[in-house]
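Here is the structure we will look at, set down as structure tokens.
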Amino acid sequence: MTLAAIIPAFAHRGVTSRPHPAADLLARRYGADSPLDAEALGPDQWNEVLTGLLSHKSVRAYRDAPLPEGTLETLVAAAQSAPTSSNLQAWSVVAVTDPARKARFATWAQNQAHIEQAPLFLVWLADLSRLDGLAKATVGDAAGLDYLETLIVAITDATMAAQNAVVAAESLGLGTVYIGAIRNETEAVAAELRLPPKVLPLFGLCVGYADPARPAAVKPRLPQSVVLHHERYVATGVEAATAAYDAQVRDFYAQQGIDAPAWSQTVSARVRGPAALSGRHRLRQILVDFGFPLL
Ligand SMILES: Cc1cc2nc3c(=O)[nH]c(=O)nc-3n(C[C@H](O)[C@H](O)[C@H](O)COP(=O)(O)O)c2cc1C
């Protein structure tokens, strides 16, 4: 569909139609298997927010450039604007900028150099400690915090907050990458940040300006046919979709000069057994030690 057809006013001005911004983004995400006809999307079906969301890519190479004043506070305001279960606000974040401290985090996360390169490293926490003190002082008991349910609430809250910060950072032209590998050394991270009981470090987040010499690319995702179910869960076509996605991911890495194993191999290896969890198989006991009895 032409721009003139979408916005009739343009027909009189001789405006020639350009490809819809969604077309390229959907092609990068889904290859030939796009779930949408981008050219058919009208102005009420696409906007800059969607362009930003579909442009997401994790950035693992940063310029040596500081963030503008107030950026951290803007990101945290975006994070605090996320929904939060029962308005409990059961999360916190630690902003790390000290080079020596970032270097320690890089070591704990299997030497991920981008942690040291990025000017800001945010550590997102599931935080039941505030609520613990508040409830004990207010109603004399906080036994509800001992249940797995409440930890899930805190993890969900923290994750939504963090992702809001990611979207905000990307809208400001910044790059980010989550660092789940800090959980390989959860006790060391907690000691470094002096976390009180009932606070669990979930993941880090590098924030900075992407190095244009080592650009990141939009990574393909599984076809919608396997993740989107209508009315009821139907697990058909997964094998064929996986094979097609393996080929797409192989092409994605080949374009970057990387001879990567098939996606299905990589993700299967990641969940094959406790050895592949890089120390995180101990997390249940660590949680208990940190004051989460998981009842
Ligand atoms: C909770 C979480 C933890 C992650 N941990 C790491 C990490 O430790 N190191 C890393 O390089 N990427 C990490 N990632 C980034 C993923 O690898 C990345 O999101 C995924 O490969 C999809 O790529 P994309 O973000 O560029 O679309 C993490 C992502 C999430 C959501």
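Sequential numbering of the sequence shown, starting at 1, is according to full-length UniProt numbering.
Cβ atoms here follow ideal geometry from the backbone N, Cα and C, with glycine treated the same way.
Beta-bridge partners of residue i, as assigned by DSSP
i: tryptophan 91; result: Ala126
i: phenylalanine 121; result: Val96 and Cys206
i: tyrosine 62; result: Ala210
i: valine 177; result: Cys206
i: leucine 200; result: Ala126
Buried or exposed (CB count within 10 angstroms, at least 16 for buried), residue i
i: phenylalanine 292; result: buried
i: proline 8; result: Because proline 8 sits at a pLDDT of 42, beneath the cut-off of 50, its placement in the model cannot be relied upon, and the point is left open.
i: glycine 14; result: Its pLDDT being 41, under 50, glycine 14 is placed unreliably in this model, and the coordinates cannot settle the point.
i: threonine 51; result: exposed
i: glutamine 248; result: buried
i: lysine 136; result: exposed
i: threonine 266; result: exposed
i: alanine 77; result: exposed
i: valine 271; result: exposed
Inter-residue CB distance, residue i and residue j (contact presumed, cutoff 8 angstroms)
i: leucine 287; j: leucine 294; result: 6 angstroms
i: alanine 165; j: leucine 75; result: 4 angstroms
i: glutamate 192; j: arginine 101; result: 7 angstroms
i: glycine 204; j: phenylalanine 290; result: No, glycine 204 and phenylalanine 290 are not in contact; Cβ-Cβ is about 17 angstroms, not under 8 angstroms.
i: leucine 120; j: alanine 103; result: Actually they do not touch by this definition, with Cβ atoms about 15 angstroms apart.
i: histidine 56; j: glutamate 239; result: Contact doesn't hold; Cβ gap of about 28 angstroms is too wide.
i: alanine 40; j: leucine 26; result: Actually they do not touch by this definition, with Cβ atoms about 12 angstroms apart.
i: alanine 161; j: glutamine 80; result: 7 angstroms
i: arginine 60; j: alanine 260; result: With a Cβ gap of about 14 angstroms, arginine 60 and alanine 260 do not count as contacting.
i: leucine 131; j: leucine 145; result: 6 angstroms
i: alanine 262; j: aspartate 246; result: 4 angstroms
i: leucine 202; j: isoleucine 258; result: Actually they are not in contact, since the Cβ atoms of leucine 202 and isoleucine 258 sit about 28 angstroms apart, beyond 8 angstroms.
For this session: Say whether the region 108 to 116 touches the region 166 to 185, bearing in mind that this needs 3 or more beta-carbon pairs closer than 8 angstroms, one atom from each stretch.
Result: Three or more beta-carbon pairs drawn from the region 108 to 116 and the region 166 to 185 are found closer than 8 angstroms, and the two stretches are therefore classed as touching.
Exercise. Are the region 215 to 232 and the region 24 to 38 in contact at 8 angstroms, needing three or more beta carbon pairs?
Worked result: Contact between the region 215 to 232 and the region 24 to 38 is present, because at least three Cβ pairs lie under 8 angstroms.
Problem set entry | Inter-stretch contact (C-beta, 8 angstroms, three-pair minimum) for the region 137 to 153 and the region 168 to 179 | The count of Cβ pairs closer than 8 angstroms, one atom from the region 137 to 153 and one from the region 168 to 179, stays below three, leaving the stretches out of contact.
For this session: When you get a sec, list the residues whose CB is within less than 6 angstroms of any heavy atom of ligand 1, chain order please.
Result: Taking each Cβ in turn, the ones that pass are His56, Lys57, Ser58, Arg60, Ala109, Gln112, Val177, Tyr178, Ile179, Gly180, Ala181, Phe203 and Lys219.
Exercise. Is the region 120 to 129 in contact with the region 87 to 102, if contact means three or more CB pairs nearer than 8 angstroms?
Worked result: Yes: the two stretches touch, three or more of their Cβ pairs being nearer than 8 angstroms.
Exercise. Would you call the region 38 to 46 and the region 241 to 256 touching, i.e. three or more CB-CB distances under 8 angstroms?
Worked result: Contact fails: fewer than three Cβ-Cβ distances are below 8 angstroms.
Exercise. Does the count of Cβ pairs from the region 65 to 80 and the region 196 to 210 closer than 8 angstroms reach three?
Worked result: Using a Cβ-Cβ distance cut-off of 8 angstroms, the region 65 to 80 and the region 196 to 210 are in contact, since at least three pairs of beta carbons, one from each stretch, lie closer than that value.
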